[in-house]
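All remarks here apply to the structure that follows.
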Amino acid sequence: MAREAIGPDVRLAVDANQVWDVPDAISWINQFHDFDLAWVEEPTSPDDIVGHATIARAINPIPVATGEHSHNRIMFKQYLQLNAFEIMQVDATRVAGPQELVIEFLLAHKFGKRVCPHAGGVGLCEAVAHFSMWDYVALSGTMEGRVIEYVDNQHEHFVHPTVIKNGNYMPQTAPGNGAEMTQETAEKYLYRG
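Going by our numbering, the sequence shown opens with residue 1, and the numbers climb by one from there.
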């Protein structure tokens, strides 16, 4: 029904949001082969790296995308060594800062995987756009098959909110990572103990 509504030229993905165990994921996803899916996101628990690898092999050629609940380069390295996904969806607010995020992009590049950062929460669009731009300019050299989610809310809390034109993120024009909160928001939500 969704594929019919959007037509063949629009990418369609399924976000299972960790709802299936491994056998159920394989059973459900294998029913989707005729729908030309861009990927299936989080088909099982993010802690089950071996389970993701099992699913990825069983549903091929439908790609697995995961990583928004992964916390560090060790988890990503294990996913990559087991060929457990095609698309890394690293979450900039869940890992240990910009240096860790750069390492995860480098790992994905080494293993020939795409990075489509998770950006579905408060400030995530602002926090990841420049990393994807760095990936394009300095690492992978391509935007093919790479996307960043866009959530159309909460941008008013940032000094330099994300700008989208013609479906594309525009480069930041100010120094920094783009995730600088406004003074008003910082004061309003400051923990005062």
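Quick reminder that beta carbons are idealized off the backbone N, C-alpha and C, glycines included.
Item: So which of THR162, LEU12 and ASP21 has the shortest CA-CA distance to VAL50?; Value: ASP21
Item: By the DSSP assignment, the beta strand (DSSP E) with TRP39 in it spans what residues?; Value: 37–41
Item: Assign HIS33 to one of two classes, buried (16 or more other C-beta atoms within 10 Å of its C-beta) or exposed (fewer than that).; Value: exposed
Item: Give me the residue from PRO171, GLU100, ALA119 and GLU86 with the minimum Cα distance to ILE148.; Value: ALA119
Item: Distance, Cα to Cα, PHE105 vs GLU184?; Value: 33 Å
Item: Return helix, strand or coil for THR54, following the three-state DSSP convention.; Value: helix
Item: Just verifying my parser: in three-state terms, what is the DSSP assignment at HIS118?; Value: strand
Item: Excluding the five sequence neighbours on either side, which residues of its own chain have a C-beta within less than 7 Å of the C-beta of GLY145, listed in chain order?; Value: ARG114
Item: List the residues that DSSP assigns as beta-bridge partners of GLN64.; Value: Reading off the sequence shown, one finds Val at residue 64, where the question assumed Gln. Looking at the DSSP assignment, VAL64 forms a beta bridge with VAL40.
Item: Pair every Cβ in the segment 83–90 with every Cβ in the segment 60–67, then say whether three or more of these pairs are closer than 8 Å.; Value: yes
Item: Which partner residues of ALA129 appear in the DSSP bridge assignment?; Value: Paired residues: none, contrary to the question.
Item: Who are the Cβ neighbours of PRO8 in its own chain at under 8 Å, not counting the five residues just before and after it?; Value: ASP36
Item: Please state the DSSP three-state secondary structure of PHE111.; Value: coil
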